[in-house]
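**Q** Okay, handing you the structure first.
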Amino acid sequence: MQVLPESHTLGTLDPHSLHMELPYESESSLRDSLSNRSDSQAAELYAHENQHFQDLVGTVWGQDYLDLLFEAYDAIIRQDFGERSYPTLLRLFDADRKILFPSYYKYVMPSAPHGSATDRWSMSFTTGTRFQPDGRSDERLPILFVRFDKGAKHVARQPITVGSLLEMRAFGVEFGVFTLWNKTPPADEAVVSKSLNQKAV
107 MQVLPESHTL GTLDPHSLHM ELPYESESSL RDSLSNRSDS QAAELYAHEN
157 QHFQDLVGTV WGQDYLDLLF EAYDAIIRQD FGERSYPTLL RLFDADRKIL
207 FPSYYKYVMP SAPHGSATDR WSMSFTTGTR FQPDGRSDER LPILFVRFDK
257 GAKHVARQPI TVGSLLEMRA FGVEFGVFTL WNKTPPADEA VVSKSLNQKA
307 V
């Protein structure tokens, strides 16, 4: 099994507290990035996490999730908090688990064959059924998978989850920020360009 290299979390949005964190950025680095006085990384990270916030408060899925969250908070702070509160807390727990399915649904072939521009993997979509918390499968709860193959070899299968769709939206926003940043010349170059244009006129 291949172990991923050491990685660091560049940004998070905690859905239970709505707290956004960019641990390697500062207010000034974000300001510089947003105004094109430095690279675009801080602005991209901020846009990514902010998109998660917008999805949480501005989509039907997010509103349903927040309803469960606040019901759970209400259950915890009530005077009679106890076993009667467990069903409310379990509904939130199950909603959290549905954002990204358990690793059981994901498959990656050990030592998967490499692809290239001339020898590509193929991609297709398949479906399966979800398992309930009690261990039973339920055909009324289908899962859509993205499947990758190299010829006859089944290389990988990844479920399309709420979490994967939210991540795609957030990555799309990152690309949009980078595109805008890339179109805008850095401040010092803009000053030189403006000066040269004025001299030419």
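Under this note's numbering, the first residue of the sequence shown is numbered 107, with each subsequent residue one higher. Cβ atoms here follow ideal geometry from the backbone N, Cα and C, with glycine treated the same way.
1. Here's the rule: buried if 16 or more other CB atoms are within 10 angstroms of the residue's CB, otherwise exposed. What is residue 258?
2. CB-CB under 6 Å to residue 228, same chain, minus the five flanking residues each way: which ones, in chain order?
3. Please go through the segment 128 to 168 and give each complete alpha helix (DSSP H) segment of 4 or more residues, from N-terminal end onward.
4. Under 8 Å: do the segment 219 to 227 and the segment 263 to 277 share three or more Cβ pairs, one atom per stretch?
5. Touching or not, the segment 136 to 156 and the segment 165 to 185, by the rule of three or more beta carbon pairs under 8 Å?
6. Between 147, 205, 120 and 253, which lies nearest to residue 233 when the distance is taken from Cα to Cα?
7. Excluding sequence positions up to five away, which residues of its chain have a Cβ less than 8 Å from the Cβ of residue 235?
8. Who are the near neighbours of residue 287 in its chain, counting only those whose CB is closer than 7 Å to its CB and skipping five residues on each side?
9. Would you kindly check if the distance between the Cβ of residue 159 and the Cβ of residue 124 is under 8 Å?
10. Going by the CB atoms, is the gap between residue 207 and residue 265 shorter than 8 Å?
11. Please list, in chain order, all residues of the same chain as residue 144 whose beta carbon is under 6 Å from its beta carbon, the five residues on each side excluded.
12. To the nearest angstrom, report how far apart residue 260 and residue 215 are at their CA atoms.
13. If you compare alpha carbons, which of 218, 237, 230 and 194 is closest to residue 209?
14. Would you mind reading off the limits of the alpha helix (DSSP H) that contains residue 274?
15. Assuming residue 308 contacts residue 275 under a Cβ cut-off of 8 Å, what Cβ separation, rounded to an integer in Å, is found between them?
16. What do you reckon, are the CB atoms on residue 281 and residue 251 nearer than 8 Å?
**A** Put simply:
1. To locate residue 258, count along the sequence shown from 1; it is residue 152. Exposed: under 16 other Cβ atoms inside 10 Å.
2. As a working note, residue 228 is residue 122 in the sequence shown. If we look at residue 228 and ignore the five residues flanking it on each side, its Cβ neighbours are 255.
3. 133 to 140 and 147 to 164
4. no
5. no
6. Taking the first residue of the sequence shown as 1, we reach residue 233 at position 127. Checking every option, the nearest Cα to that of residue 233 belongs to 253.
7. Looking up residue 235 in the sequence shown gives position 129. 243, 244, 245, 247, 248 and 249, listed in sequence order.
8. The residue labelled residue 287 in the question sits at position 181 within the sequence shown. These residues qualify, in order along the chain: 142, 146 and 149.
9. Locating residue 124 in the sequence shown gives position 18, where the first residue counts as 1. Locating residue 159 in the sequence shown gives position 53, where the first residue counts as 1. The answer is yes: Cβ separation under 8 Å.
10. Here the question's residue 265 lines up with position 159 in the sequence shown. Here the question's residue 207 lines up with position 101 in the sequence shown. Yes. Within cutoff.
11. The count along the sequence shown starts at 1 and reaches residue 144 at position 38. Answer for residue 144: 138, listed in chain order.
12. By one-based count along the sequence shown, residue 260 stands at place 154. By one-based count along the sequence shown, residue 215 stands at place 109. Answer to the nearest angstrom: the Cα atoms are 7 Å apart.
13. Stepping through the sequence shown from its first residue, residue 209 is reached at position 103. Of the listed residues, the one whose Cα sits closest to residue 209 is 237.
14. For the purposes of this step, residue 274 is identified with residue 168 of the sequence shown, where counting begins at 1. Taken as a continuous stretch (DSSP letters only), the alpha helix (DSSP H) holding residue 274 covers 268 to 289.
15. Lying before the first or after the last residue shown, residue 308 is absent from the chain, which here runs from 107 to 307.
16. Locating residue 281 in the sequence shown gives position 175, where the first residue counts as 1. Locating residue 251 in the sequence shown gives position 145, where the first residue counts as 1. In this structure, residue 251 does not lie closer than 8 Å to residue 281 by Cβ.
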